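Take a look at the structure set out below.
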Amino acid sequence: MNEHDIQGEELKVTLPSGEQVFAAAGDTLFDIAARHELAGVKTAIAARLDGEACDLHAPLKRAAHLSLIQPDDPEALEIIRHSTSHVMAQAVKELYPDAKIAQGPATDDGFYYDFQRAEPFSDDDLVKIEQRMRKIIKKNQRIVRHEVSREEALALFAEEGEPYKRYFVETKSGEVASYYEQGGFRDFCRGPHLSSTRRIAAFKLLSVAGAYWLGSEENEMLWRIYGTAFASQEQLDAHLHRLEEARRRDHRRLGKELDLFSLQETAGGGLAFWHAKGAIIRQQIEGFLREQLQTRGYVQVITPHIAKDTLFRISGHYDFYHENMYTLRTADDEEFVIKPMNCPGHVMIYKSGLKSYRDLPVRMAEFGTVYRYERSGTLHGLFRVRGFTQDDAHIFCTPDQLLEEVDDCLDMAETVFNTYGFRDVHYELSVRDSKNTDKYIGSDEEWSEAESALVKALEKRGLPHKRFEGEAVFYGPKIDVKVIDAIGRPWQLSTIQFDFNLPRRFDISYVDADGQHKAPYMVHRAIYGSMERFFGILIEHFAGAFPPWLAPVQARILPVSDKVSEYGEQLLSQLEDAGIRSELDRRADKIGAKIRDAELHKIPYMLIVGPREAENGSVSLRVRHDGDQGSLPTSEFIARAGKAIEERSLKG
RNA sequence: GCCAAAGUAGCUCAGUGGUAGAGCAGCUGAUUCGUAAUCAGCAGGUCGCCGGUUCAAACCCGGCCUUUGGCUCCA
156 MNEHDIQGEE
166 LKVTLPSGEQ
176 VFAAAGDTLF
186 DIAARHELAG
196 VKTAIAARLD
206 GEACDLHAPL
216 KRAAHLSLIQ
226 PDDPEALEII
236 RHSTSHVMAQ
246 AVKELYPDAK
256 IAQGPATDDG
266 FYYDFQRAEP
276 FSDDDLVKIE
286 QRMRKIIKKN
296 QRIVRHEVSR
306 EEALALFAEE
316 GEPYKRYFVE
326 TKSGEVASYY
336 EQGGFRDFCR
346 GPHLSSTRRI
356 AAFKLLSVAG
366 AYWLGSEENE
376 MLWRIYGTAF
386 ASQEQLDAHL
396 HRLEEARRRD
406 HRRLGKELDL
416 FSLQETAGGG
426 LAFWHAKGAI
436 IRQQIEGFLR
446 EQLQTRGYVQ
456 VITPHIAKDT
466 LFRISGHYDF
476 YHENMYTLRT
486 ADDEEFVIKP
496 MNCPGHVMIY
506 KSGLKSYRDL
516 PVRMAEFGTV
526 YRYERSGTLH
536 GLFRVRGFTQ
546 DDAHIFCTPD
556 QLLEEVDDCL
566 DMAETVFNTY
576 GFRDVHYELS
586 VRDSKNTDKY
596 IGSDEEWSEA
606 ESALVKALEK
616 RGLPHKRFEG
626 EAVFYGPKID
636 VKVIDAIGRP
646 WQLSTIQFDF
656 NLPRRFDISY
666 VDADGQHKAP
676 YMVHRAIYGS
686 MERFFGILIE
696 HFAGAFPPWL
706 APVQARILPV
716 SDKVSEYGEQ
726 LLSQLEDAGI
736 RSELDRRADK
746 IGAKIRDAEL
756 HKIPYMLIVG
766 PREAENGSVS
776 LRVRHDGDQG
786 SLPTSEFIAR
796 AGKAIEERSL
806 KG
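Quick note, in our numbering, the first sequence goes up one by one and the last residue is 807.
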């Protein structure tokens, strides 16, 4: 901030090796690095001063630690992408001078830039813009940072006719505004950036979409162009390959192909129909969790789907959740609400009798189906629906039971995720904004007690977590759990969430050892979250190739010819008796075709039978993806498959 | 909800104003076959819906419905 003109002054620079050298103030970081022959000067994307990324050609202003950011550094990607977005904006301005630039940040997996323009951008335009970008990159234009006063920046963008940029200068700039320039294109930007356009090694424009200015529906809609960039063509190709892989695994596509579920236009959007095969999977994932509930001391309850508005007026949902709720009016003019949440119902059950401290903790679970109105544009396969079933539970406990309860929730989540093969799990702790405690319900004591239970439970289990200040909802702190699927995508599944609001609103209590009525702590927790969404995630995680315990059809018998069809029928009933979900391929196809069909249906066990097997009561086992396993007695196969199913193992 | 794109057989998709097509799946028949596609035949469509233009519309125009990609992650 207060860097005075210190041109020429000798400043101490600490190199990554620990060596300390002197450099003149005003020397560029690149020159200093080059002079002292820092490793990778030529390949560096940017520099790092005291840990903070900055331009390679930024002038040295103070004594600092200096290091270089290389292309494989995670920070490098953000810089590469941000610079690519500027080049894209430059290309757009060159091709379509009437376009106004809005904003163009790097994102998690690429970048975008928003433009205002009378005409939308077409796919053909994207191709043209890409070509122009390549030209700009080839020209090796220097990307130069300028620092000017706020007023100069305002004047500059006024002159360029860029109202959106002016808005950003007005709202975001301090006394000094920085802008970057390359090839005559100027963009108000904090940086850092690449030193020249040539440094962009690999990029691709992906799509165009409408996006509201500042994300608000009140505002006009701008055109957003999405793209991505990487440090090398290989990395870009790998990324595009991942996108392709994600498309291949798309649960909407697999759901149709494997006859698992559908969404019916006639019934309305966002309502899932679980077909027979999908329903089998649902029963398995639900049954697994019910076993967990059983062993972990939960009670399982069932609450009504609709309730009088009164219930949701008490809970407060009627007021702050009204626009997401479906309501009904009866002939005798009573209002009913289709439940958007299970918690009020569970609180009513808790409240239905006097509770002693000896009754706590009460762990109340329900696969509760809720309906929430979502705007049509937000619906997305099974991931965003209007009707879904939560594996919901509410724990009512005393303050000294908190830690153990949170710990058990984490333990349950871990057990469950292991079973599905989610090895990589992230924990996120959201706490209140300590500077602004007014907007939260609950006492300071409750908040700190709850937070400490969450933190201690995580620490006790040795689970690293990220902490988000001010991210808690108004009624309590929470832990969100994210899992990483088979192709590296994160999904937020579980949540463990304190609620200081509902116990107050419903005025629930327990009688403590001292005879006093006290308010219990209340914790919401879900492991899968929504059964629909979790199902969608599982379909994509397994690419439809479910492990034996989940597979709707676990084994398919493939007779080599109808000479052994009788043996096939006999085998089918034998397997069914053993509790293995099986099918018999009675078609007159050749064995290769039957195998192909079974593989495409992703059936875990294929049992090929011919005269040899019929002779001695055996099967020739073929395991999905792994191929021929040779012959074995039927009883042995039943034992093997039975074990894999019983143990819920991921492999056959 | 808003913006863009799309909607043709169960599925994937051709079809730019003149008799609606292919592959796969399905059915029938032949083949009786040993680890990812045997051959032949048959059947299958109000071209999302409603209206308009035209001698004539899957195709052009308008409206609606649905789906898809998006809708402030540091300027």
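All residues carry an ideal CB built from backbone N, CA and C; glycine is no exception.
Owing to the predicted nature of the structure, the values given are computational and were not obtained by experimental measurement.
C-beta atoms of residue i and residue j nearer than 8 Å
i           : j           : result
residue 519 : residue 456 : yes
residue 246 : residue 271 : no
residue 183 : residue 220 : no
residue 680 : residue 564 : yes
residue 356 : residue 386 : yes
residue 101 : residue 537 : In the structure as shown, the chain begins at 156 and stops at 807. Residue 101 is therefore absent and cannot be evaluated.
residue 584 : residue 637 : no
residue 413 : residue 427 : no
residue 463 : residue 491 : yes
residue 629 : residue 676 : no
residue 276 : residue 176 : no
residue 268 : residue 244 : yes
residue 223 : residue 199 : yes
residue 297 : residue 315 : no
residue 230 : residue 208 : yes
Separation of residue j from residue i, as counted between CA atoms
i           : j           : result
residue 664 : residue 568 : 28 Å
residue 178 : residue 194 : 18 Å
residue 806 : residue 690 : 19 Å
residue 799 : residue 693 : 18 Å
residue 780 : residue 748 : 15 Å
residue 795 : residue 451 : 29 Å
residue 793 : residue 737 : 12 Å
residue 708 : residue 735 : 8 Å
residue 522 : residue 547 : 6 Å
residue 776 : residue 227 : 46 Å
residue 551 : residue 401 : 41 Å
residue 156 : residue 217 : Annotation note: pLDDT 39 at residue 156 (below 50); position unreliable, no value reported.
residue 703 : residue 710 : 9 Å
residue 372 : residue 532 : 13 Å
residue 616 : residue 466 : 38 Å
residue 241 : residue 259 : 7 Å
residue 171 : residue 543 : 54 Å
residue 649 : residue 640 : 14 Å
residue 238 : residue 436 : 46 Å
Per DSSP, the bridge partner or partners of residue i
i           : result
residue 552 : 676
residue 148 : Absent from the model: residue 148. The displayed extent of the chain is 156 to 807, so no value can be given.
residue 496 : In the DSSP output, where bridge partners are listed per residue, residue 496 has none listed.
residue 761 : 711 and 777
residue 738 : 711
residue 367 : 376
residue 209 : 202
residue 511 : 666
residue 723 : According to DSSP, residue 723 bridges with nothing at all.
residue 756 : Partner(s): none; residue 756 has no beta bridge.
residue 518 : 550
residue 744 : According to DSSP, residue 744 bridges with nothing at all.
residue 240 : DSSP output for residue 240 lists no bridge partner at all.
DSSP state of residue i mapped onto helix, strand, coil
i           : result
residue 335 : strand
residue 491 : strand
residue 599 : helix
residue 571 : helix
residue 321 : helix
residue 428 : strand
residue 175 : strand
residue 783 : strand
residue 770 : helix
residue 798 : helix
residue 460 : coil
residue 473 : helix
residue 716 : coil
residue 167 : strand
residue 589 : coil
Item to complete: Identify every run of the alpha helix (DSSP H) within the region 245 to 318, keeping only runs that are complete inside it and at least 4 residues long; order them along the chain.
Response: 278 to 293 and 305 to 314
Practice prompt. Ignoring anything shorter than 3 residues or poking outside the region 605 to 681, list the beta strand (DSSP E) runs there in chain order.
Written response: 620 to 624, 633 to 639 and 645 to 653
Worksheet item: What runs of the beta strand (DSSP E), each 3 residues or longer, lie entirely inside the region 375 to 435?
Response: 376 to 385, 416 to 418 and 427 to 429
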